[in-house]
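Right, one structure below, let's go through it.
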Amino acid sequence: MRFDPDFSRARRRALSRALAGLAPSLAVGLAPGLLAAGCGGGGGGSGGAVAPVITASAAAHLLTQATFGPTPEELERVQLLGEAAWVDEQLALPATSHLEHLDAYGQGQDPASGLRVDTWWHMAMRAPDQLRQRVAFALSQLFVVSEVEITGAQATRGLANYYDVLARGAFGPYRRLLEDVTLSPVMGVYLSHVKNERADAARNVRPDENYAREVMQLFSIGLVELGFDGVPRRDGAGQTIPTYDQATVEGFAQVFTGWTYAGARSWSNAPRNLLEPMISFQQWHDTSEKRLLGGRVLPAGRTAEQDLADALDVLAQHPNTGPFVCRHLIQRLVTSNPGPDYMRRVVQAWEDDGRGQRGNLGAVVRAILLDPEARRAPDLQPAEWGKVREPLLRVSALWRAFGAQPVVGRYGYQNPERELAQAPLRAPSVFNFFRPNHRPPGELSDLGLDAPETQLATETTTTATTNRFYTLVHERWDGVPRSLGPDEVILSLAPLRPLAGDPEALVDRVGLLLLGGRRMPPDMRQTVLDLVRATPLTDDGTQRALEAIWIVVTSPEFAVQR
Amino acid sequence: MRDDELNRRGFLERCACLALGGGALGLSGILDRVALAAPPAADYRALVCVFLFGGNDAFNLLAPIDGQDRADYDLSRPFLGVTAGELLPLTPTTAPPRGRYGLHPQLPTLHRLFGEGRLALVPNVGPLVEPVTRATWQARTAQLPPQLFSHNDQTQHWQTSRPDRPAATGWCGRAADALIDQGTVAQDIALNVSLQGTNVQQTGVRGQAYSVGATGVVRLRGVDGGGAANQRRRTAFDALLARRAESPLAREAARIQRRAIDAADRVATALDAQTALQTTFPETGVARQLQMVARLIGASGDLGLRRQVFFVGMGGYDTHGEQATRHPQLLGQLDAALGAFWNALVELNVHDRVTTFTGSDFGRTLTINGDGTDHGWGGHHLVLGGGVRGGDLYGTLPVLALNGPDDTRSGRLIPTTAVDQYAATLARWLGVTDASLPQVFPNLSRFQRADLGFMRP
Numbered sequence: 417m418r419f420d421p422d423f424s425r426a427r428r429r430a431l432s433r434a435l436a437g438l439a440p441s442l443a444v445g446l447a448p449g450l451l452a453a454g455c456g457g458g459g460g461g462s463g464g465a466v467a468p469v470i471t472a473s474a475a476a477h478l479l480t481q482a483t484f485g486p487t488p489e490e491l492e493r494v495q496l497l498g499e500a501a502w503v504d505e506q507l508a509l510p511a512t513s514h515l516e517h518l519d520a521y522g523q524g525q526d527p528a529s530g531l532r533v534d535t536w537w538h539m540a541m542r543a544p545d546q547l548r549q550r551v552a553f554a555l556s557q558l559f560v561v562s563e564v565e566i567t568g569a570q571a572t573r574g575l576a577n578y579y580d581v582l583a584r585g586a587f588g589p590y591r592r593l594l595e596d597v598t599l600s601p602v603m604g605v606y607l608s609h610v611k612n613e614r615a616d617a618a619r620n621v622r623p624d625e626n627y628a629r630e631v632m633q634l635f636s637i638g639l640v641e642l643g644f645d646g647v648p649r650r651d652g653a654g655q656t657i658p659t660y661d662q663a664t665v666e667g668f669a670q671v672f673t674g675w676t677y678a679g680a681r682s683w684s685n686a687p688r689n690l691l692e693p694m695i696s697f698q699q700w701h702d703t704s705e706k707r708l709l710g711g712r713v714l715p716a717g718r719t720a721e722q723d724l725a726d727a728l729d730v731l732a733q734h735p736n737t738g739p740f741v742c743r744h745l746i747q748r749l750v751t752s753n754p755g756p757d758y759m760r761r762v763v764q765a766w767e768d769d770g771r772g773q774r775g776n777l778g779a780v781v782r783a784i785l786l787d788p789e790a791r792r793a794p795d796l797q798p799a800e801w802g803k804v805r806e807p808l809l810r811v812s813a814l815w816r817a818f819g820a821q822p823v824v825g826r827y828g829y830q831n832p833e834r835e836l837a838q839a840p841l842r843a844p845s846v847f848n849f850f851r852p853n854h855r856p857p858g859e860l861s862d863l864g865l866d867a868p869e870t871q872l873a874t875e876t877t878t879t880a881t882t883n884r885f886y887t888l889v890h891e892r893w894d895g896v897p898r899s900l901g902p903d904e905v906i907l908s909l910a911p912l913r914p915l916a917g918d919p920e921a922l923v924d925r926v927g928l929l930l931l932g933g934r935r936m937p938p939d940m941r942q943t944v945l946d947l948v949r950a951t952p953l954t955d956d957g958t959q960r961a962l963e964a965i966w967i968v969v970t971s972p973e974f975a976v977q978r
Numbered sequence: 004m005r006d007d008e009l010n011r012r013g014f015l016e017r018c019a020c021l022a023l024g025g026g027a028l029g030l031s032g033i034l035d036r037v038a039l040a041a042p043p044a045a046d047y048r049a050l051v052c053v054f055l056f057g058g059n060d061a062f063n064l065l066a067p068i069d070g071q072d073r074a075d076y077d078l079s080r081p082f083l084g085v086t087a088g089e090l091l092p093l094t095p096t097t098a099p100p101r102g103r104y105g106l107h108p109q110l111p112t113l114h115r116l117f118g119e120g121r122l123a124l125v126p127n128v129g130p131l132v133e134p135v136t137r138a139t140w141q142a143r144t145a146q147l148p149p150q151l152f153s154h155n156d157q158t159q160h161w162q163t164s165r166p167d168r169p170a171a172t173g174w175c176g177r178a179a180d181a182l183i184d185q186g187t188v189a190q191d192i193a194l195n196v197s198l199q200g201t202n203v204q205q206t207g208v209r210g211q212a213y214s215v216g217a218t219g220v221v222r223l224r225g226v227d228g229g230g231a232a233n234q235r236r237r238t239a240f241d242a243l244l245a246r247r248a249e250s251p252l253a254r255e256a257a258r259i260q261r262r263a264i265d266a267a268d269r270v271a272t273a274l275d276a277q278t279a280l281q282t283t284f285p286e287t288g289v290a291r292q293l294q295m296v297a298r299l300i301g302a303s304g305d306l307g308l309r310r311q312v313f314f315v316g317m318g319g320y321d322t323h324g325e326q327a328t329r330h331p332q333l334l335g336q337l338d339a340a341l342g343a344f345w346n347a348l349v350e351l352n353v354h355d356r357v358t359t360f361t362g363s364d365f366g367r368t369l370t371i372n373g374d375g376t377d378h379g380w381g382g383h384h385l386v387l388g389g390g391v392r393g394g395d396l397y398g399t400l401p402v403l404a405l406n407g408p409d410d411t412r413s414g415r416l417i418p419t420t421a422v423d424q425y426a427a428t429l430a431r432w433l434g435v436t437d438a439s440l441p442q443v444f445p446n447l448s449r450f451q452r453a454d455l456g457f458m459r460p
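Here the protein sequences line up with chains A and B, keeping their order.
So the number in the numbering used here is just where the residue sits in the first sequence, counting from 1, plus 416.
So the number in the numbering used here is just where the residue sits in the second sequence, counting from 1, plus 3.
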């Protein structure tokens with residue numbers, strides 16, 4: 417079924433009324449009987465009051481963009497609500513806290529850093545606020561901090577709290593989030609503006625330029641002027657136009673002076689505090705005049721707070737910031753190469769959320785996901801649409817699809833970067849795991865297609881990732897004949913085993929859960945079917961289920977979301 | 004699409020197969036070679052780039068001991084500098100014009116290798132579109148690399164040596180293309196090998212670097228060896244890689260996996276055939292990468308390779324803060340890793356045929372931000388090897404005075420040697436002919452000397 421906004425809106429209203437009296441668990445409990453049709457079914461509208469309004473594959477498509485992967489339960493929920501209502505429901509959910517979960521592990525003041533990654537897996541798998549968590553993950557790759565350079569006391573709790581800051585601010589105003597990030601002590605350590613001093617000519621000291629440069633280059637406006645469609649503008653000579661120069665960096669560097677850890681008694685007596693926002697000491701703030709962007713000058717003699725507020729306003733109001741941030745979010749959620757029309761519509765939501773507010777990230781996320789281009793069925797998208805899935809999201813998609821459960825409550829996969837070259841808040845630098853405009857040489861460069869995630873795809877990581885999937889599938893399932901370690905995550909094959917005698921049903925179910933709403937291409941489906949059929953059905957169906965899952969998660973089609 | 008583009012793509016695809024596929028050597032050929040365990044070819048040559056990510060503070064790596072340069076240094080950098088007494092003094096063949104120089108105290112091995120004539124220093128290198136002076140800088144008449152002082156842009160400029168335009172290929176990639184086009188080599192394994200993932204430096208028109216982890220080559224699990232289940236899986240897996248996906252992104256994913264599988268068996272087999280190195284390496288990331296490079300060089304004979312370029316990376320050099328503790332640690336690790344690598348090359352008897360050199364995003368500011376330094380432009384670099392005319396400095400030591408002839412402002416120094424010149428000197432040694440140089444370094448003719456003279460012929 418094609419997405420039809422009007423139809424869907426009407427159905428949604430009817431559904432909301434129908435669902436209003438039902439507890440969520442009851443609603444989900446009702447669903448299986450009504451939604452057994454699975455891929456290709458649904459949407460006929462001939463059922464009772466609670467009938468699916470969109471197909472399972474349309475739901476899988478949305479969930480691949482908006483969560484850590486479809487689960488059977490969430491598929492049903494989206495089918496019942498429709499895309500817009502599901503997104504709105506998600507937008508209203510409060511943030512689940514990483515820090516609280518981390519602390520619940522009971523590891524004292526300084527939990528091991530692996531437990532933070534474990535917490536991240538827990539949220540990816542279980543947090544009800546999936547969309548918020550997914551957007552927080554995207555924001556963690558915009559406002560990058562990395563454990564690689566934040567170690568020592570409180571680092572793990574500080575990083576978990578930083579992630580909570582992103583999750584809490586994920587649907588709020590960009591301007592507020594930019595301030596929360598700027599004053600985060602974790603960012604202060606990472607980009608060294610904590611304890612940044614005003615200039616001291618006598619000692620030949622000038623303010624640290626680190627945060628000043630990166631907040632412009634990477635967190636707000638970018639290097640070159642952009643059109644509303646995110647395409648760099650060009651001057652008469654065909655050259656891109658720089659947004660700032662070294663003098664601008666120096667102006668902003670003066671702004672970010674005078675801030676230190678919360679609880680500091682004095683500038684020199686400021687013990688590390690990685691949890692609370694930084695505070696200012698006026699006598700260490702540079703009070704001279706500051707030249708910022710576009711001729712904006714901050715007069716001399718003002719407080720650290722006044723300068724910070726105005727400087728962040730300048731960044732948030734800059735015409736580049738909308739296209740820059742929107743393109744980042746589109747690339748992380750939907751497609752690597754958004755066309756100009758899609759970009760413009762999303763940037764419009766940035767400019768005005770419908771209530772006159774600018775930079776409302778919730779409205780932007782809604783516009784990104786509910787845009788007709790994003791909602792067009794994957795099989796109808798142009799060939800170049802979509803993105804390479806981030807490695808972490810491939811693993812989470814596998815686990816969520818098949819109800820993976822940790823043996824004792826921990827996910828154990830605490831150093832995924834060893835195979836995947838990616839782990840939450842462990843980017844190699846403030847430039848994230850990959851650059852937004854990365855193009856591998858060869859066909860993609862020839863076609864002019866950005867493919868950021870391919871920057872991680874080397875011979876080494878590709879095979880290591882494939883091998884990891886061998887472990888996660890063939891060696892970790894319910895009933896595997898060996899004793900399980902406490903930190904292993906076990907796939908539940910129970911729903912698939914009954915399908916083993918019907919290879920087509922088995923393969924279609926696996927395809928629905930893993931291929932992001934795409935119909936499995938016929939020749940691929942034949943190959944997968946051949947493998948399943950060639951696997952002797954001499955057990956309870958386990959082996960056929962495993963083969964079907966493994967061949968799909970290691971396939972090039974699974975590596976991409978459309 | 005034009006016909007010539009189609010042809011080019013077809014050609015590229017064939018090259019990609021050749022670069023890493025079974026190529027000319029069948030399995031039996033490999034086994035024969037393994038049995039022989041051939042040493043590296045007599046005319047083997049390799050470059051090893053050690054990229055110091057973040058922007059190394061080169062002005063503390065090599066610093067003046069006395070004379071006018073020391074006076075300037077003390078004024079520009081009143082603290083966080085290396086004291087004259089700590090520096091390990093150098094006695095280069097050509098005496099520096101304005102006072103003696105020394106290496107950071109954490110570089111004792113490199114200091115010894117300089118004394119033995121194995122290490123050369125190339126001062127104040129950086130990306131340039133054309134020569135720049137303080138006058139042309141201030142008058143804004145100089146053509147400059149865009150986005151100066153930005154990490155990824157200057158890294159890109161270093162690695163492409165094309166700061167004047169967005170370039171999709173790097174100088175090591177183009178050097179490899181040239182060696183093949185010239186007929187110097189006819190290798191069926193990628194000439195460029197990266198221990199640090201994808202990078203533009205090693206990307207050429209003919210493809211990108213082959214990536215190896217510091218622990219070696221990763222082989223595919225669960226689909227090889229006996230067992231009917233494994234055979235079935237392998238058949239299906241190969242079929243899904245071979246099918247033409249509708250999405251170009253999926254096609255790319257398939258290509259990488261195919262390349263990885265095809266190369267892994269060959270390279271792993273050659274590595275396994277080598278006797279273990281006696282040289283011990285420190286337990287650091289950069290040392291582990293260099294250890295793997297040494298092992299791969301050891302296996303080059305078995306793989307039939309005559310030219311290679313390796314890329315190794317070391318991070319952490321972006322010392323905006325806590326530089327006093329962090330930078331000496333980094334230099335100490337670098338010194339120990341390069342020392343172990345040198346020993347391993349001597350053990351393999353290839354030390355005259357392997358040249359190791361540094362690159363970095365940029366040099367840092369001479370001035371200080373309180374407890375660190377910020378992004379600069381020019382910086383000093385190291386070249387190590389038996390083929391190096393060591394024990395000397397090549398190029399021009401910059402004047403370290405603020406507002407001096409080499410200063411843009413705040414001690415961000417204008418490079419006195421272009422990356423193109425530094426890299427061309429290395430590429431010529433590797434075998435890029437003078438006729439091919441313009442293809443590899445299109446801007447080289449804008450600078451006075453194409454060869455800085457630090458390599459023996």
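Even glycine gets a Cβ: it sits at the ideal position worked out from N, Cα and C.
Within 10 angstroms of the beta-carbon of residue 502/A lie 16 or more other beta-carbons, which makes it buried.
Among the bridge pairs identified by DSSP, residue 420/B is matched with 128/B. Secondary structure of residue 403/B (DSSP, three-state): coil.
Counting of Cβ neighbours within 10 angstroms places residue 231/B among the exposed residues, the total staying below 16. By the criterion of at least three beta-carbon pairs nearer than 8 Å, the segment 489–507 of chain A is not in contact with the segment 562–582 of chain A. Check the Cα spacing between residue 777/A and each of 582/A, 612/A and 586/A: the tightest is with 586/A.
Between residue 472/A and residue 492/A, the alpha-carbon positions lie close to 7 Å from each other.
Residue 64/B sits close to residue 107/B, with the two beta carbons spaced by under 7 Å. Using a CB distance cut-off of 7 Å, residue 943/A counts as an interface residue toward chain B. About 17 Å separates the CB atoms of residue 613/A and residue 601/A; that is not less than 8 Å, and the two are not in contact. For the segment 351–372 of chain B, residues whose beta-carbon sits nearer than 7 Å to a beta-carbon of chain A comprise 370, 371 and 372. Secondary-structure assignment with DSSP links residue 776/A through a beta bridge to 589/A. Between residue 353/B and the set 365/B, 389/B and 377/B, the nearest pair of CA atoms involves 389/B. In this structure, residue 716/A and residue 704/A form a Cβ contact; the two beta carbons are roughly 5 Å apart against a cut-off of 8 Å. Taking the beta carbon of residue 706/A as reference, no residue of chain B falls within 9 Å; the closest one sits roughly 16 Å away.
Taking a beta-carbon distance threshold of 7 Å, residue 971/A counts as an interface residue toward chain B.
Beta-bridge partners assigned by DSSP to residue 821/A: 906/A. For the segment 144–157 of chain B, residues whose beta-carbon sits nearer than 8 Å to a beta-carbon of chain A comprise 149, 150, 151, 152, 153, 154, 155 and 156.
CA-CA distance, residue 175/B to residue 309/B, rounds to 15 Å. Between the beta-carbon of residue 572/A and that of residue 532/A there is about 5 Å, and that keeps the pair under the 8 Å contact cut. A distance of 7 Å or more separates the beta carbons of residue 547/A and residue 481/A. Pairing residue 632/A with residue 611/A, the inter-Cα distance amounts to about 20 Å. Contact annotation: in the segment 154–185 of chain B, residues whose CB is within less than 7 Å of a CB in chain A are 154, 155 and 171. Of the residues 898/A, 959/A and 801/A, the one whose Cα lies closest to the Cα of residue 977/A is 801/A. In the three-state reduction of the DSSP assignment, residue 801/A falls in the coil class, being assigned neither a helical nor a strand state.
Here residue 677/A is not bridged, per DSSP, to any residue.
Along the segment 239–264 of chain B, the positions whose C-beta sits under 8 Å from a C-beta of chain A are 239, 240, 242, 243, 244, 246, 248, 249, 250, 251, 252, 253, 254, 255, 256, 257, 258, 259, 260, 262, 263 and 264, read in chain order.
With distances taken between CA atoms, residue 917/A lies nearest to 964/A out of 806/A, 964/A and 669/A.
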